[in-house]
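This report refers to the structure that appears directly beneath it.
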Amino acid sequence: MKNPMIYALVAVACAMSACACAATSTNDPTEPPTAPATAAHPASVWQAVPGQSLRQVAKTWASRAGYEVVWDAGFDYPVRASLRMDGDFINAITGLFDAYAAADRPLSVDIYKEQKLVHVQARGE
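Take the sequence shown: its letter number 49 is residue 66 in my numbering, and every next letter is one higher.
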């Protein structure tokens with residue numbers, strides 16, 4: 018006796034394959050078939066917790082993204098509340114420093130994508 022579960026799995030696999038081919042078909046025999054679309058990469062999550070410093074968070078996030086931080090400001094700020102950013106590194110690090118834009122001593126941040134460098138200094142220096 019043959020296993021009905023195997024037949025069911027084969028039928029599902031065939032149906033999925035047919036759907037994938039139909040979804041990518043242009044019905045133009047002169048065009049090569051295209052590969053099925055892949056799922057988009059999920060957005061990264063960037064977090065900071067109380068007790069960390071702004072500099073520590075920036076360096077941790079940058080390291081995770083393959084960037085380096087050059088901190089030329091002579092001061093730092095504590096993280097006083099939990100913070101979460103979703104998305105890519107550039108948007109996250111920009112949002113992180115935007116949260117401190119109204120500080121008594123604001124920071125200036127330059128991001129160099131080509132060099133994978135984040136340069137932080139006191140605004141006006």
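In this text, a Cβ means the ideal position worked out from N, Cα and C, and glycines have one as well.
Where the alpha helix (DSSP H) containing residue i begins and where it ends
{"i": "Asp115", "result": "106 to 115"}
{"i": "Gln69", "result": "Here Gln69 belongs to no alpha helix (DSSP H), and DSSP marks it neither H nor E."}
Beta strand (DSSP E) segment containing residue i, residue limits
{"i": "Gln138", "result": "134 to 139"}
{"i": "Arg101", "result": "100 to 103"}
{"i": "Tyr129", "result": "124 to 129"}
{"i": "Val86", "result": "85 to 88"}
Contacting residues, own chain, Cβ-Cβ under 6 Å from residue i (five flanking each side not counted)
{"i": "Met102", "result": "Trp63, Ala109, Gly112"}
{"i": "Leu100", "result": "Ala65"}
{"i": "His136", "result": "Val87, Asp127"}
{"i": "Gln138", "result": "Asp89, Ala90, Ser125"}
Cβ separation of residue i and residue j, assumed to be a contact under 8 Å, to the nearest whole Å
{"i": "Pro67", "j": "Val96", "result": "6 Å"}
{"i": "Asp93", "j": "Leu71", "result": "6 Å"}
Cβ neighbour criterion (16 or more within 10 Å) applied to residue i
{"i": "Tyr84", "result": "buried"}
{"i": "Ala79", "result": "buried"}
{"i": "Ala118", "result": "exposed"}
{"i": "Ala60", "result": "exposed"}
{"i": "Ala75", "result": "buried"}
CB contact check: residue i to chain D, cutoff 9 Å
{"i": "Val135", "result": "Within the model displayed, chain D is absent; a lone protein chain is all it includes."}
Neighbourhood of residue i by C-beta, 7 Å cutoff - its chain only, sequence neighbours within 5 removed
{"i": "Ala82", "result": "Phe106"}
{"i": "Arg140", "result": "Pro123, Leu124, Ser125"}
{"i": "Ala98", "result": "Pro67"}
{"i": "Lys133", "result": "Gly83, Tyr84, Glu85"}
Close beta carbons around residue i, own chain, < 8 Å, minus the five adjacent residues each side
{"i": "Asp115", "result": "none"}
{"i": "Ala120", "result": "Tyr94"}
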